[in-house]
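Numbering (the numbering used here), first residue to last: 9 to 378. Glycine residues also receive a C-beta, built at the ideal position from the N, C-alpha and C atoms. First up is the structure itself, then whatever we jot down about it.
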Amino acid sequence: MSRIEFRLTAATDVGCVRTNNEDNFITNHDLSQSDWFVPQDVSQLIPLGKDGAILVVADGMGGLNAGEVASAIAVDTVKRYFMDTNLSDIAKSQKSIEKFMCKVVVDADKELKKHVKENPETKGMGTTIVIAWVYGDIAHIVWCGDSRAYVFNPNEGLMRLTKDHSYVQELVDAGKLDEDLAIDHPDSNIITRCLGDFRGRANPDYTAYRLKSGDTLMLCSDGLCGVCRDEEILQVMNETKEDIEQCRKQLILCALKAGGYDNVTVALFEADTVESDETTSSYTLFDEKNVRRIKLSAEDEENPKKKLMNTVELDESGFSEEEETETPKKKHKVDLTTTETRSSGGLSNTLIIALLLIILVLIAISFFKN
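Below is the structure:
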């Protein structure tokens, strides 16, 4: 069995615009115990227990307080499953781990839909979710939506472990949008998968990553990664690599200084020491070859206080002196077929109006000639 010592912290912030927090998170640093809380002393090294540790982030959506209900149902379902299951049996193979974690997400989706049927006023609510179960030296990750998992290493930079289930990600995958421009796309708030969508059951994805000494696993809602570029996240994590609590605080401040339009949630798992064995050598792991890993340039290393794009100075409260006036985006689900039909329909209407104007002009010319 692998030996791991780690630190863990997590927090959420309502942001600068919204009045309620629809994000939710839970952590457990020892799944063999009922330790469903963030350690008070985050500087303390924790030996990984026999059942591992877990981090969960969910980003709810929907009016009438339904978003926070949706995310709460999701994280509570995860907690119940991990408390009521013999995890040692599940962890006997990677296949059983993947099947179990995906079932947890699918059943959380069922719980949301059951709640909506019993409480019609919450119709339209939903949530994203990302779960990381660290068992041995492997981080098993499932997600549905655009909440993300990253891994940071001071020597190797920052890498996304998840791929967003979103409209703009599909544009990127199809070669229709440059990845660097995705964060600024006007439809960046449209997600294509989530929990609570009555058109079908939740469809989560799974991956597994082998942790190394010095790795920091981060889960976050799009309140962070939707307003801060990966380069900015990397710089914050690099500057605070010696203090995980300061890292978490500064990541949230990074989102606030970028406008804080949405709720922000960050959960961090820092693997201080990892001694692996061969029991997981046959696992299918995250393919790092085709994924962009962002590193700081030599100039950034020498000048860590250099401001990156879209950054401003913060006062001590974490707010910028200049107020942002842009209207915040609200995340919503959409059927891409509907979007395409609506877009083409809009184009057709424009052409019809143009043709009518041309006809009217021709009639007027003919009238004056006569």
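Determine the closest residue to residue i out of the options, with distance taken between C-alpha atoms.
{"i": "residue 171", "options": "143, 118, 180 and 163", "result": "180"}
{"i": "residue 304", "options": "165, 22, 125 and 250", "result": "165"}
{"i": "residue 69", "options": "53, 198, 146 and 292", "result": "198"}
{"i": "residue 150", "options": "207, 60, 65 and 189", "result": "65"}
{"i": "residue 264", "options": "11, 16, 10 and 20", "result": "20"}
{"i": "residue 136", "options": "252, 33 and 223", "result": "33"}
{"i": "residue 276", "options": "363, 237 and 139", "result": "139"}
{"i": "residue 16", "options": "37, 10, 114 and 23", "result": "37"}
{"i": "residue 102", "options": "214, 226, 259 and 280", "result": "214"}
{"i": "residue 211", "options": "107, 88 and 58", "result": "107"}
{"i": "residue 112", "options": "293, 184 and 82", "result": "82"}
With DSSP run on the structure shown, which of helix, strand or coil describes residue i?
{"i": "residue 223", "result": "coil"}
{"i": "residue 372", "result": "helix"}
{"i": "residue 138", "result": "strand"}
{"i": "residue 130", "result": "helix"}
{"i": "residue 256", "result": "helix"}
{"i": "residue 186", "result": "coil"}
{"i": "residue 77", "result": "helix"}
{"i": "residue 296", "result": "coil"}
{"i": "residue 2", "result": "Residue 2 lies beyond the residue range present for the chain, which begins at 9 and ends at 378; the question has no answer from this structure."}
{"i": "residue 203", "result": "strand"}
{"i": "residue 326", "result": "Residue placement at residue 326 cannot be trusted, given a pLDDT of 41 that sits under 50; what the coordinates show is reported in the next sentence. DSSP places residue 326 in coil when its eight states are reduced to three."}
{"i": "residue 22", "result": "coil"}
{"i": "residue 251", "result": "coil"}
{"i": "residue 363", "result": "helix"}
In this structure, what does DSSP give as the bridge partners for residue i?
{"i": "residue 288", "result": "In the DSSP output, where bridge partners are listed per residue, residue 288 has none listed."}
{"i": "residue 161", "result": "165"}
{"i": "residue 16", "result": "277"}
{"i": "residue 385", "result": "A query on residue 385 cannot be resolved here, the shown segment of the chain reaching from 9 to 378 and no further."}
{"i": "residue 228", "result": "156 and 274"}
{"i": "residue 151", "result": "138 and 213"}
{"i": "residue 143", "result": "146"}
{"i": "residue 36", "result": "62"}
Please classify residue i: is it buried, with 16 or more other beta-carbons within 10 angstroms of its beta-carbon, or exposed?
{"i": "residue 300", "result": "exposed"}
{"i": "residue 91", "result": "exposed"}
{"i": "residue 371", "result": "exposed"}
{"i": "residue 177", "result": "buried"}
{"i": "residue 241", "result": "buried"}
{"i": "residue 104", "result": "exposed"}
{"i": "residue 369", "result": "exposed"}
{"i": "residue 182", "result": "exposed"}
{"i": "residue 121", "result": "buried"}
{"i": "residue 55", "result": "exposed"}
{"i": "residue 45", "result": "exposed"}
{"i": "residue 79", "result": "buried"}
{"i": "residue 186", "result": "exposed"}
{"i": "residue 48", "result": "exposed"}
{"i": "residue 23", "result": "buried"}
{"i": "residue 260", "result": "buried"}
Give the C-beta separation of residue i and residue j to the nearest angstrom, bearing in mind that I take them to be a contact with Cβ-Cβ under 8 Å.
{"i": "residue 53", "j": "residue 13", "result": "5 Å"}
{"i": "residue 270", "j": "residue 231", "result": "4 Å"}
{"i": "residue 387", "j": "residue 229", "result": "The structure shown does not extend to residue 387, since the chain is modelled only from 9 through 378, so no value can be given for it."}
{"i": "residue 253", "j": "residue 302", "result": "With a Cβ gap of about 23 Å, residue 253 and residue 302 do not count as contacting."}
{"i": "residue 142", "j": "residue 133", "result": "Going by Cβ atoms, the distance from residue 142 to residue 133 rounds to 30 Å, so no, they are not a contact pair."}
{"i": "residue 225", "j": "residue 147", "result": "6 Å"}
{"i": "residue 249", "j": "residue 162", "result": "5 Å"}
{"i": "residue 145", "j": "residue 10", "result": "4 Å"}
{"i": "residue 76", "j": "residue 119", "result": "The pair is not a contact, with the Cβ atoms about 15 Å apart (cut-off 8 Å)."}
{"i": "residue 159", "j": "residue 217", "result": "6 Å"}
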